Structure formats: C-alpha cells, structure tokens
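Written out below as structure tokens is the structure these notes cover.
Residue numbers (the numbering used here): 1 to 380.
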C-alpha cells in the first residue's frame, strides 16, 4: 500500500509538472505506430526526480543466457589404442607415460614367431621366384630359337606369376603387421598426442586381445549438454554458447553448437547438443562438469540490446521510449525483441544504435500514456 501511494503521488506530481509549459503534442500517425502511442514532454529536472534515466542503445556481446548442465568428453577420434596384430614378446618400449609423441613415432617392438614364420616363407618364395624366373628366361630363349614347346613357355610364365602373387601377399601381410627386420613388429603411434597409459612391460607377451599403448590428443574436447524439451526452439547449429566449468569458475570458454542429435533422450526429455572447444594448453580434462549458456548467434557477435528496464509493454507490443533532447520529448517506439541474456534483451528491429532512450522509468512513462488515453475518452 505504501509503494502504491508513493507511486500515485509521484505520478500526480509528474502530470502536474507536465501540464506546465507543455507543447501541443499530437498522437503519432506513422504507419508502424501503436494505436495508443503519443508524445510526453518532460523537463530534465522532473525526469531525474522520478527516476527516469536516459542513455543510448548499444551493440554488445550478449552473455548470461539460459544455462544447462554440461560434461566434457574426449572426441572419439582423439584417443588411439595400439596393440600387435599377432602375439609376441615385447622386447622394447621407447616411450613413457605423459610423453608427447608424433604420428608414426615408434612406441615399442614385439618379437613374434608368427612374423618370423611369415618372413621365412617370404625368403623361400623369393628363392623359388628367382629360380622360376631363370627357367622362364630359358624357355623364352628356346622358343625364340624354335626349339622349345609353346606349352612349356606358358607353364613357366604361369609359375612365375603365381610365385609373385604369393610373395606380394606375404609382403602386404608383414606390412600390415608392422614388421621390421626379421620377426620384429614395430608398434607406431597413429596420431599426435600424449601417452596416457602403457599396459605391458618389456618381456611380457603382447597379444591382439590386450591394448599395449593408449595415446590421447586433448587439443580439442567435446562438451555435451542436454537442452530441456521446452527450450529446444532456441537451439540452432553454429549458434554461440559460453561454457563454464566448476573446476575453473573464473574462466569462460567461447564456443558454438557443433552438433545437435536427431532425437530427444526419452528418459530426461532433453535434446543432447555437442560443443567442440579448443584446448591448446591443454587445461580441460574428460569428465569435468559445468554449464553451457545458450546465447544464439556466433561466439563473437555483437547485437543491438537494451536493459530489461528499458522495455515496456503496451497491449502486447514491446516498446521503448526514445528521447529528443532538444524538445525534451519522450516518444514510445515499437520494437521487435530477440533473445534475452541476463538483464538485456536483443532488439531485432524498430531501433538503431546510439539512439537516446529511457533506460529506466518506463513504468512511469507508460502510466502517463495510459492517463492521457483515459483523458481522451472522458467527456469534457
């Protein structure tokens, strides 16, 4: 009741002040004007007394939007597991846990009897192939002299081709195994990264069923969030987000929505989204918890925005009050609002940058408009 009486008293004072030396103010007739919009004459001293603060509409980077829970995960292709394709004894380890490695770098060597057997068969094939090629050359010479039979020449050529095919197959097999010299297998890193685990020591048996080395690349990391069903209309691919983690409360990571899953999680009735963050230090780890703030637009986008206090509502139409300093006139202006972030609204249309507006006191200005409207319908 006390607040209501104070408000009424302030409005009564304001209306009386406005009646003194008020220029004739006619209603707006612009095509985009609201039916009840008009002009309000208000001297600066009076506006200041009733709490009307004037400023300008500015471009800003919106932050502080709706927050949803988030969790970090490693990218599927950022972790690599290395093991031998055939069993053997680990004879050498060239890296240690925490060491940075490059793609193709040697991690360890495995001595394998299977590889030794394949290498031996390859050497035997090479010897047989050499003899077969010599026999083929003799048949070709005899055929050229008209002595040898054509059938013998064809058989020699076929035998050489068969041995070549078998040798090529063994060489390919040894290459896939990672075979070096003799019966050794070279275990190489398939990606750039850091050795995060070693599951065998020199002398142990390494097999295809057991991972020997794990390499992790943390230069980029996934952040997963679950958007409530009622908010999924705010989600757009590549729209901007801010990510904060409980472990680093003072740090804000800028990103954009990289992937939106095609269906909702039926248990939580939420839509999973994924954000890819650059992690050059690397500072982030898999399994961190935090929040994703949905902003919309692009990470570094600056949009025209005004404080919540600058927005009034006239019969369902959002308005702001522009200010003309030369005549001390406040004019209501219809606007189209966009997303909200913290205490600011994005203005998508109806207002331009650096236009003076009432940043506060819009309730008082709206009350004056309503009062003028009421006076217009009361008979004299």
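Each residue gets a CB set at the ideal place from its N, CA and C atoms; glycine is no exception. No experiment lies behind these values; they were computed from the predicted model shown.
DSSP, read as helix, strand or coil, puts residue 152 in helix. Between the C-alpha atoms of residue 90 and residue 256 there is a straight-line separation of about 45 Å.
With fewer than 16 other Cβ atoms from the protein chains shown falling within 10 Å of its own Cβ, residue 336 counts as exposed. By the criterion of a C-beta distance shorter than 6 Å, residue 110 is surrounded in its chain by 84, 88, 90, 185 and 206, once the five residues flanking it on both sides are discounted. Annotated as proximal: residue 225 and residue 68, with beta-carbon spacing under 8 Å.
DSSP places residue 139 in the helix class (H, G or I) of the three-state scheme. Spanning the alpha carbons of residue 215 and residue 209 requires a straight line of approximately 17 Å.
One Cα belongs to residue 125, the other to residue 152, and the distance between them is close to 21 Å. Shown here for residue 271: same chain residues with a beta carbon closer than 6 Å to its own, the five before and five after excluded, namely 227, 232 and 264 in chain order. Contact check for residue 244 against residue 60 fails: the beta carbons are separated by 8 Å or more.
In the pairwise beta carbon analysis, the segment 345 to 357 is classified as touching the segment 46 to 59: at least three pairs are separated by under 8 Å. Here residue 313 carries a strand assignment [DSSP, helix/strand/coil]. Shown here, residue 244 sits in a strand according to DSSP, grouped into three states.
Contact between the segment 95 to 103 and the segment 183 to 202 is established, with three or more Cβ pairs separated by less than 8 Å. Between residue 293 and residue 241, the gap from beta carbon to beta carbon is short of 8 Å.
Beta-carbon to beta-carbon, residue 156 and residue 127 are separated by about 17 Å, too far to satisfy the 8 Å threshold.
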